[in-house]
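Quick mapping for you: the protein sequence lines, in order, are chains A and B.
Residue numbers for the first sequence follow the working numbering, beginning at 1 and rising by one.
Residue numbers for the second sequence follow the working numbering, beginning at 1001 and rising by one.
Notes for the one structure printed next.
There are 2 protein chains.
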Amino acid sequence: MKQQLSNYLNRYVSFTETEVDLFYTYLTVKTFKKKEHLLKDGQHCREKFFITEGLVRSYKIDSKGQEKIAHFGIENWWITNMESFVIDKPSLFYIQALEPTTVLAISKSKLEMAFEKIPKLERLFRIITENMFVAIERKNELYMKYSSKDRYYNLVDHIPDFAQRVPQYMIASYLDISPEYLSEIRKNK
Amino acid sequence: MKQQLSNYLNRYVSFTETEVDLFYTYLTVKTFKKKEHLLKDGQHCREKFFITEGLVRSYKIDSKGQEKIAHFGIENWWITNMESFVIDKPSLFYIQALEPTTVLAISKSKLEMAFEKIPKLERLFRIITENMFVAIERKNELYMKYSSKDRYYNLVDHIPDFAQRVPQYMIASYLDISPEYLSEIRKNK
DNA sequence: CGAAAATTTGACATGACTCAACTGGAGTGG
DNA sequence: CCACTCCAGTTGAGTCATGTCAAATTTTCG
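Okay, here's the thing in structure tokens:
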């Protein structure tokens, strides 16, 4: 698992083994069963989670009581509720494991400490955040400019894996399509 | 202008006057007339712009030849095409001044140099990017869960200023509403 | 003042939603 | 291992929000 983290870190900034080891001491391994929650709404999200294995979703319950999925997270992604983490306010979102999941968790305070000890981390997290920003912006564009059908097939084409691992109604929620209409879309392929 | 920058920087991380002065040497003041472009599509976006005065938009032309506005930028905001800047590929977006605009521009290479000289900047830009991430995520949510009408009044309530400074059809584009329908919405207030 | 741009209006079209009912498969427990 | 339940997915009918197109009107600005 440390090796996996090391590979990931070195994709962006090169770290010595000592630095990786040190960073690793700030992290906590946590495992979650299917359907278990990493975060519940109303809680403060005080950690970032690096997913080493499994699949999670972050979602909220809207005013009509319906689940709205904002993100999925898979292996080698960070997941957190950024708003709650950054601004230090209660989360409006849940984060839940959809498969048995293992993460490396780091709290905000530990992360600050790690930044002090290993300044390069500051750079790493800047870069990661930039990449996340680009990703979310692309998603944004997808929503604003494409029909339901296009959004669905865009997803399926880019991450065919997903359609296997995630139930259809969750994909519908993520893409902001009603489950019935997604069914319709698939029929008329 | 240096003072304005200094105030901005110190909102997030505290810098000495010397550090601000040093950072300032990496920046270039640029001014743009109304309708002038800071960036055109097809160009590589190699700079970040800190707006000290004025108003800009970033937009693309979609497959039907229509303008789609992705962001606005006002005083004390950074604007760039993050995707083009980070991944170093041609931009799909234009950035254009909607009012006479003054920016402090910094190129990618100069920014890298500045990071070396003033490590705290690395932290600053991480924090800025996190904040931008939170902002874009909120916008995302707005699109996914609210009607055209709600999106419009959400904007008007939050940034009443905007509705004054920006023509209505641009607000429509930004909110992903047809100009005609936005007109309809306003009529039936 | 006049031309060009922005906004409004109205008629019509349609993508996508809601609701309710039905189908089929996957677990679960006795 | 069968019977039952429950949940995901599908279907169909009816509706609504929002888009498109074309024309009329108003505003802006050189």
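Glycine included, C-beta positions come from ideal geometry on N, C-alpha and C.
Less than 8 Å between the C-beta atoms of residue i and residue j, yes or no?
i	j	result
LYS1060(B)	LEU1104(B)	no
SER148(A)	LEU175(A)	yes
LEU194(A)	LEU155(A)	It is not possible to answer for residue 194(A), since the shown part of chain A is limited to 1 through 189.
ILE1069(B)	ILE1051(B)	no
ARG1126(B)	PHE125(A)	yes
PRO100(A)	LYS34(A)	yes
PHE1133(B)	MET132(A)	yes
GLU122(A)	ARG1123(B)	yes
LYS143(A)	ILE185(A)	The question names Lys, but residue 143(A) in the sequence shown is Tyr. Against a cut-off of 8 Å, the Cβ pair of ILE185(A) and TYR143(A) comes out as no contact.
VAL1188(B)	ASN140(A)	The amino acid occupying residue 1188(B) in the given sequence is Asn; Val does not appear at that position. Not in contact: ASN1188(B) and ASN140(A) (Cβ atoms no closer than 8 Å).
ILE1136(B)	GLU67(A)	no
ILE1079(B)	ILE1095(B)	yes
TYR12(A)	ILE128(A)	yes
PRO1119(B)	PRO119(A)	yes
Between the options, which lies nearest to residue i when the distance is taken from Cα to Cα?
i	options	result
MET1001(B)	VAL1020(B), ARG1057(B), ALA1163(B)	VAL1020(B)
ARG1046(B)	VAL1086(B), HIS1037(B), THR1016(B), LEU1027(B)	VAL1086(B)
LEU1038(B)	THR1102(B), LEU1155(B), PHE1115(B)	THR1102(B)
THR25(A)	LYS117(A), SER84(A), ILE95(A)	LYS117(A)
SER63(A)	HIS1044(B), LYS1145(B), ARG1186(B), ALA1172(B)	LYS1145(B)
TYR8(A)	ASN76(A), ASN140(A), ILE136(A), GLU141(A)	ASN76(A)
GLU1053(B)	SER1084(B), LEU1005(B), LEU1022(B)	LEU1005(B)
PRO90(A)	VAL13(A), GLU67(A), LYS40(A), VAL166(A)	LYS40(A)
SER1109(B)	ILE1128(B), ASP1088(B), LYS1120(B)	ASP1088(B)
ILE177(A)	ASP150(A), HIS44(A), THR18(A)	ASP150(A)
Report buried or exposed for residue i, applying the criterion of at least 16 other Cβ atoms within 10 angstroms of its Cβ.
i	result
GLN168(A)	exposed
LYS30(A)	exposed
GLY1042(B)	exposed
SER58(A)	buried
THR28(A)	exposed
HIS71(A)	buried
ASN81(A)	buried
SER1183(B)	exposed
GLU1130(B)	buried
SER173(A)	buried
GLU83(A)	buried
Flag residue i as yes when its Cβ comes closer than 7 Å to any non-hydrogen atom of the ligand MG, and as no otherwise.
i	result
LEU1039(B)	The model depicted lacks the ligand MG and carries no ligand whatsoever.
Entirely within the segment 87-115 of chain A and at least 3 residues each: give me those beta strand (DSSP E) ranges in chain order.
List check, beta strand (DSSP E) in window: 94-97, 101-107.
Alpha helix (DSSP H) runs wholly inside the segment 1009-1048 of chain B, at least 4 long, in chain order
Qualifying alpha helix (DSSP H) stretches, in chain order: 1017-1026.
So within the segment 147-189 of chain A, which uninterrupted beta strand (DSSP E) runs reach at least 3 residues, ignoring any that extend past its ends?
Runs found: none.
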